[in-house]
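Here the working numbering is used: the first residue of the sequence shown is 256, the next is one more, and so on.
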Amino acid sequence: RDRLLNQFEAQEVALARINEQVAAFQSVAAAAQAETAALSAQQAALVANEESAKTEARVGREELKRVRKDYLKAKDDYEAEKAALIDLRARHENFVTSAATEMDQYQATAAAAMAEVAEARSIAESRVAPEAVDKIRSQLESSQKRLNEVQSKFKEVEAQRDKLAKRLDLMTPRPAWRHLEEHGLLESKRTAETVRKAEEKLSAYATELDEVKAKLTLASALLLPDPPASNITIPLITDGSNYFITEGKEGSFVGNGGGGGGGKYAL
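Have a look at this one:
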């Protein structure tokens, strides 16, 4: 009986230890389940963050494509405007060179015409009515004034062209509209349109220069004195000899005989 009691007590002690171990295992299992739940929550958050990151990356790629497309378009526009400005500068330099030479010639013509007016004044007054001389002189002075105005406008446009040319190194060149408006060039969103209008304005100024040149030429021609009288010789072939007719005094003509039968013959 004592032995059975001892065995029973030993079994109770072993059972208590087993219960303690089971409780410890249950505690460890509960902790493991809690950790598993936390890991599951973290995994879900990571999955959500991954999807958000993928979405942001996809949007970023689309935005990058759009920005790159806009950049390439802006670059093409810049290159086109730069080429247009370079071409305008080259053509304008050629125009400036030729126009400067022509304006020098026009000024020289105007100065020569004014000198001829002063020099031939007495001759002109003896052959032309004073009113006509005054009118021609007024036209010549008006032409000279117009030439000066055109030259002034030309210099202003040239100054504006220099300002535009300085902007070739910028991505988006912008003309000085405040100064261009003085020449009738209104603000435009595209520089190429401004270049075209500037070329038309320069062409108009060149036309005005040609008109001034024509007026000065006409004024100079009107003030030229009559050419001096000159002898006119006409050979006459006859059976006996050659005869030459020369202009004599008061509009008469005298014939000079050649060969053996020399003599003068009034015609």
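Beta carbons are placed, not taken as given, at the ideal position from N, Cα and C, and that holds for glycine.
Of the residues the options, which one's Cα is nearest the Cα of residue i?
{"i": "residue 472", "options": "367, 409, 454", "result": "367"}
{"i": "residue 362", "options": "320, 406, 453", "result": "406"}
{"i": "residue 352", "options": "317, 318, 409", "result": "409"}
{"i": "residue 523", "options": "358, 273, 284, 262", "result": "Lying before the first or after the last residue shown, residue 523 is absent from the chain, which here runs from 256 to 522."}
{"i": "residue 396", "options": "373, 369, 310", "result": "369"}
{"i": "residue 344", "options": "457, 468, 461", "result": "457"}
{"i": "residue 336", "options": "448, 454, 453, 455", "result": "448"}
{"i": "residue 454", "options": "355, 404, 389, 342", "result": "342"}
{"i": "residue 402", "options": "468, 306, 304", "result": "468"}
What does the Cβ neighbour count give for residue i, buried or exposed, with the cut at 16 atoms within 10 Å?
{"i": "residue 398", "result": "buried"}
{"i": "residue 391", "result": "buried"}
{"i": "residue 268", "result": "exposed"}
{"i": "residue 265", "result": "exposed"}
{"i": "residue 464", "result": "buried"}
{"i": "residue 364", "result": "buried"}
{"i": "residue 280", "result": "exposed"}
{"i": "residue 470", "result": "buried"}
{"i": "residue 488", "result": "For residue 488, the pLDDT reaches just 49, beneath the cut-off of 50, and the residue's location in the model is therefore unreliable, although a value from the coordinates is still provided. Counting Cβ neighbours within 10 Å, residue 488 comes out exposed, since fewer than 16 surround it."}
{"i": "residue 277", "result": "exposed"}
{"i": "residue 312", "result": "exposed"}
{"i": "residue 301", "result": "exposed"}
Using three-state DSSP, classify residue i as helix, strand or coil.
{"i": "residue 426", "result": "A caution first: residue 426 carries a pLDDT of 43, below 50, which makes its placement in the model unreliable, though a value can still be read off. If DSSP states are grouped into helix, strand and coil, residue 426 belongs with coil."}
Of all Cβ atoms in chain B, is any one closer than 8 angstroms to the Cβ of residue i?
{"i": "residue 270", "result": "Among the protein chains of the structure shown there is no chain B, as only one such chain exists."}
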